[in-house]
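Q: Handing you a structure now.
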Amino acid sequence: MSLDVLGPLLPVVPLVAALSGFVLPLRSRTAAAALGIAGAAGAVVVAIVLAVRVDEPFETVVEWVQIGNLSVTAGVRIDSATTMVAVAVGVVALAVQVYSTAYLHDDDRYPPYAAQVSLFTAAMLLVVVAGDLILLLVGWEIMGICSYLLIGHDRRLPEAPAAAVKAFLVTRVGDIGFLLGIVLLGVNAGSFWITQVLASLPGLPAATVTAAALLLLAGVAGKSAQFPLHTWLPDAMAGPTPISALIHAATMVAAGIYVVTRLYPVFVLGDPSLVVLGVMAVVTVLIGALAATAQDDIKRVLAWSTVSQIGYMAAALAVGAPAVALFHLLTHAAFKALLFLGAGSIIHEVGSNSMSAMGGLRRRMPATFWSMTIGLGALIGLPPLAGFWSKDAVLHAASSAEAGWLPGLVYGVGLAGVLVTAWYAGRLWLRTFFGAPRSPGASAAHEPSWPMTVPVVVLAVPSALLGLLAFADDFGARLTPFVVDVPEASLSHLGAETAAPLAALVVGLVLVWALWRRDAARDPARFLGPLRSTFDNAFWLDTVQDRLVVRPVVALARRVSSADQRVVDGAVEGTGQGTADAGDVLAAWHRAGLPRAATALLAGVLLFAFAAALYGSAT
Amino acid sequence: MRPVIPYVVAALLFGAGVYGVLRRRNAVLVLMAVELMLNAVNLILVTADTTVRATLPHGGQVFALFVIVLAAAEVGVGLAIVLQLYRLRSSVAVDTVRLDAAPASELDEPRLVRE
Chain V
103 MSLDVLGPLL PVVPLVAALS GFVLPLRSRT AAAALGIAGA AGAVVVAIVL AVRVDEPFET
163 VVEWVQIGNL SVTAGVRIDS ATTMVAVAVG VVALAVQVYS TAYLHDDDRY PPYAAQVSLF
223 TAAMLLVVVA GDLILLLVGW EIMGICSYLL IGHDRRLPEA PAAAVKAFLV TRVGDIGFLL
283 GIVLLGVNAG SFWITQVLAS LPGLPAATVT AAALLLLAGV AGKSAQFPLH TWLPDAMAGP
343 TPISALIHAA TMVAAGIYVV TRLYPVFVLG DPSLVVLGVM AVVTVLIGAL AATAQDDIKR
403 VLAWSTVSQI GYMAAALAVG APAVALFHLL THAAFKALLF LGAGSIIHEV GSNSMSAMGG
463 LRRRMPATFW SMTIGLGALI GLPPLAGFWS KDAVLHAASS AEAGWLPGLV YGVGLAGVLV
523 TAWYAGRLWL RTFFGAPRSP GASAAHEPSW PMTVPVVVLA VPSALLGLLA FADDFGARLT
583 PFVVDVPEAS LSHLGAETAA PLAALVVGLV LVWALWRRDA ARDPARFLGP LRSTFDNAFW
643 LDTVQDRLVV RPVVALARRV SSADQRVVDG AVEGTGQGTA DAGDVLAAWH RAGLPRAATA
703 LLAGVLLFAF AAALYGSAT
Chain G
3 MRPVIPYVVA ALLFGAGVYG VLRRRNAVLV LMAVELMLNA VNLILVTADT TVRATLPHGG
63 QVFALFVIVL AAAEVGVGLA IVLQLYRLRS SVAVDTVRLD AAPASELDEP RLVRE
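For the record, the sequence lines run as chains V and G. The first sequence runs 103 to 721 under the working numbering. The second sequence runs 3 to 117 under the working numbering.
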């Protein structure tokens, strides 16, 4: 099959699975599972074929709509970086679909769930391959609605609907900026076709490009959970665990980073935007890592670690290394999907999200234990696991970037982040798998059924080995988006400077181990002292957001609503009521008795006669 | 002939009719006052027929005949209504007929109202 067909086929395969899944009746679980798995597997196959066959970037362009001077095209634009991300998306989606069949075995709304996951995958793949900004926006928005539906899937949880609405609204705030940015770019370039937009960039006024880049960044911050729009991601843990894996690893949060690499020239030319992105990334890395240290909910630890790891990717973009950001995106997709699915297995067995109800699971769930160990090792950057190479590449990109204060800041915060990451990952590992079981569920736990174990174990392979791709000759070149004028990144560089992050990692691990060893039954987070509640509440940013944004907006909405009811509705209803009242008065006059009616008639006749006489004499 | 005399008489008759319509309480007398006004008009028509040269000759007299016929029919209808009113209320005083009271129950079941 030619590439021109395979490219558009990539999002179409899961889309077809999703659309046929939506019409299935609620009781046909097997058909729904088969459709979901087939859709994801088809996407994986197409993505792998593309990854093998695509060497040179290629595009297909079909004009879709012509609006005045603006043309909207429908087409794909595929380079080797695209295919890599597509493979990651497909593999994670496949793992999630297989895992969900067992994780949601007693869920009565499984068929729509599986179809929504397929739709989510299709939307992400559409964002990945889209060759046109409008097409990209379509995928971007479908992801927003899918995340809303899936986060709110579990209706028994009281916090799920609120979390779903929060995720939808917070990302929507960013999406408004994203939409405006796209419109600004498209209108000025005369086309939404990405190639043409990028080609016309040098001719555009600098202020326009800067404004577009900053507006796009708002959308990126919303989708990729960057400060200050990161607050939805930890709350999104109310969704089923496989959904967390999907959102955190391959779709949604990855979309923001990927779009920045796709439109990288916009950000390079829109001058202060990369600095803004860098500052956002640095703040996000710190907030995410510190907040993860004090959480008791195992999923929230992982959620905050996602926030912080996405911060690393954004930092890599800010210091001018999009290939490195994509490299970290790929390794992160592998190990974060593994961690979430593993955590889901543990929650499934223990019956609680809380780490204080776990402990001693090492012997009871050995496969999960070893897989999670690999995943956590990759997360903290333990050599030779995947995360080590990609995080090292991020730090190397920061330390070798010239010019300005930003790379230095990124490097320093990145090192501190490595230390804190090692601390909280070590805490999660020790609290979950070591010591004595702290609840009946934990002492009765055992390895779950194969559809849940196999994806976790399979994902351990890329989590461990994906980093070695950095030694492949052309891997850095393949990950570099083809439009970008940046030097090809070398992704592997072992040297003296590797010692610094390794030292930070060892310090973090030793610290948490020493604290844990004093009393294995208690939480090492108690040594954080007064900072613990600050970290646990993520610096009270939710409260700040509530006070500064949510409450004023709700109060304003209430005012507007009551003004609408009293003034606007009042005017309309008052007009009607006034007319009816005036009608009643007139009707009362008409119900006169005969004497008055006759008098009135005579008066009228006299009046007309008088008027006629006056008129007659005047003419 | 002096047409002024019948004109003045007609005006006086008409005025008496208007006064009767406005002031009388008895429905039969109100009807008679209306007849007075009609006959005043008839008088004017007949007088005018002799004084004004019209395209159609004797149109006024013909018209007066028409009015007389119409008045006879009208009195028949009017007296029938008055009779019905008397059956309904045992009174033919026009100013006691309340038009602003809710008529629905009266329409449902006509009954005598003694006041």
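Positions of the beta carbon are idealized from the N, C-alpha and C atoms, including for glycine.
1. Applying a beta-carbon distance threshold of less than 8 Å, which residues of chain G neighbour V/Thr701?
2. Please go through the region 435-506 of chain V and give each complete alpha helix (DSSP H) segment of 4 or more residues, from N-terminal end onward.
3. Whose Cβ in chain G lies nearer than 7 Å to the Cβ of V/Pro697?
4. Under three-state DSSP, which class holds V/Thr175?
5. Give a yes or no on whether the C-beta atoms belonging to V/Ala420 and V/Leu379 are separated by under 8 Å.
6. Pull up the distance between the alpha-carbon of V/Leu117 and that of V/Gly144, whole angstroms please.
7. Thinking C-beta only, is V/Leu228 closer than 8 Å to V/Leu235?
8. Going along the region 68-87 of chain G in order, which residues come within less than 7 Å of chain V, judged by CB to CB distance?
9. With respect to the beta strand (DSSP E) encompassing V/Val167, which residues constitute its N-terminal and C-terminal limits?
10. Give the straight-line distance between the Cα atoms of G/Phe16 and V/Leu716, rounded to the nearest whole angstrom.
11. Give a yes or no on whether 8 Å exceeds the smallest Cβ distance from G/Val20 to chain V.
12. When the cut-off is 8 Å and only beta carbons count, does G/Val115 lie next to chain V?
13. Between the region 642-661 of chain V and the region 518-525 of chain V, are three or more C-beta pairs nearer than 8 Å?
14. With 16 other CB atoms within 10 Å as the buried threshold, where does V/Pro367 fall?
15. Taking three-plus beta-carbon pairs below 8 Å as touching, is the region 450-463 of chain V in contact with the region 409-419 of chain V?
16. Any idea if V/Gln759 is buried or exposed, counting beta-carbon neighbours within 10 angstroms, 16 or more meaning buried?
17. Can you tell me the Cα-Cα spacing of V/Thr312 and V/Trp295, whole angstroms?
18. Distance, Cα to Cα, V/Val200 vs V/Ala135?
19. If you draw a straight line from the alpha carbon of V/Arg580 to that of V/Ala572, how long is it in whole angstroms?
20. Below 6 Å CB to CB, which residues in the same chain sit around V/Gly372 once its five sequence neighbours on both sides are set aside?
21. Beta-carbon within less than 6 Å of V/Ala347's beta-carbon, same chain only, minus the 5 sequence neighbours each way: which residues are those?
22. So is G/Ser107 buried or exposed if we call it buried at 16+ other beta carbons inside 10 Å?
23. Just verifying my parser: in three-state terms, what is the DSSP assignment at V/Glu161?
24. Look at the alpha carbon of V/Gly422 and the alpha carbon of V/Val174, and state the distance between them as a whole number of angstroms.
25. The alpha helix (DSSP H) spanning V/Ala673 covers which residue range?
26. Tell me which residues of the region 263-291 of chain V have at least one Cβ-Cβ distance to chain C shorter than 7 Å, keeping chain order.
27. With DSSP collapsed to three states, give me the class of V/Asp256.
28. Secondary structure at G/Gly28, three-state DSSP: helix, strand or coil?
29. Thinking C-beta only, is V/Ile180 closer than 8 Å to V/Val156?
30. In the DSSP assignment, find the alpha helix (DSSP H) that holds V/Arg653 and state where it starts and stops.
31. Buried or exposed for G/Thr57, going by 16 or more other Cβ atoms inside 10 Å?
32. Do G/Val94 and G/Asn28 count as a contact pair if the criterion is CB distance below 8 Å?
33. Rounded to whole angstroms, what's the CA-CA distance from V/Ala503 to V/Pro485? Just pull it up for me.
34. Give the DSSP-derived three-state secondary structure of V/Asp337 in the structure shown.
35. Which two residues bound the contiguous alpha helix (DSSP H) that contains V/Thr297?
36. In the structure shown, what three-state DSSP assignment does V/Asp399 receive?
A: Working from what's here:
1. Leu24
2. 463-466, 468-482, 488-502
3. Leu24, Val96, Asp97
4. strand
5. Their beta carbons are under 8 Å apart, which means V/Ala420 touches V/Leu379 by this criterion.
6. The alpha-carbon atoms of V/Leu117 and V/Gly144 are separated by roughly 11 Å.
7. no
8. none
9. Where V/Val167 is concerned, the enclosing beta strand (DSSP E) starts and stops at 164-169.
10. 22 Å
11. Interface residue, yes.
12. Any reading at G/Val115 must be qualified, since the residue scores a pLDDT of 48, below 50, and its modelled position is unreliable; the value itself is stated next. Judged by the 8 Å Cβ criterion, G/Val115 is not in contact with chain V.
13. By the Cβ criterion, the region 642-661 of chain V is not in contact with the region 518-525 of chain V, since fewer than three pairs of Cβ atoms, one from each stretch, lie closer than 8 Å.
14. buried
15. No, the region 450-463 of chain V is not in contact with the region 409-419 of chain V.
16. Since the first residue shown for chain V is 103 and the last is 721, residue 759 of chain V is missing from the structure and cannot be characterised.
17. 19 Å
18. 8 Å
19. For the pair V/Arg580 and V/Ala572, the Cα-to-Cα distance works out to about 11 Å.
20. Val311, Thr312, Ala315
21. Val198, Ala439, Phe442, Leu443
22. Confidence in G/Ser107 is poor, its pLDDT being 46 and thus under 50, which makes the residue's placement unreliable; the coordinate value appears in the next sentence. The residue is exposed, with fewer than 16 neighbouring Cβ atoms inside 10 Å.
23. strand
24. Rounded to the nearest angstrom, the two C-alpha atoms are 30 Å apart.
25. 671-692
26. The structure shown contains no chain C; its protein chains are V and G.
27. DSSP places V/Asp256 in coil when its eight states are reduced to three.
28. Sequence check: residue 28 of chain G is Asn here, not Gly. Here G/Asn28 sits in strand by DSSP.
29. yes
30. 653-665
31. Counting Cβ neighbours within 10 Å, G/Thr57 comes out exposed, since fewer than 16 surround it.
32. Inclusion of G/Asn28 and G/Val94 in the CB contact set at 8 Å is warranted, their separation being smaller than that value.
33. 24 Å
34. In the structure shown, V/Asp337 adopts helical secondary structure according to DSSP, grouped into three states.
35. 296-302
36. V/Asp399 falls in the strand class under three-state DSSP.
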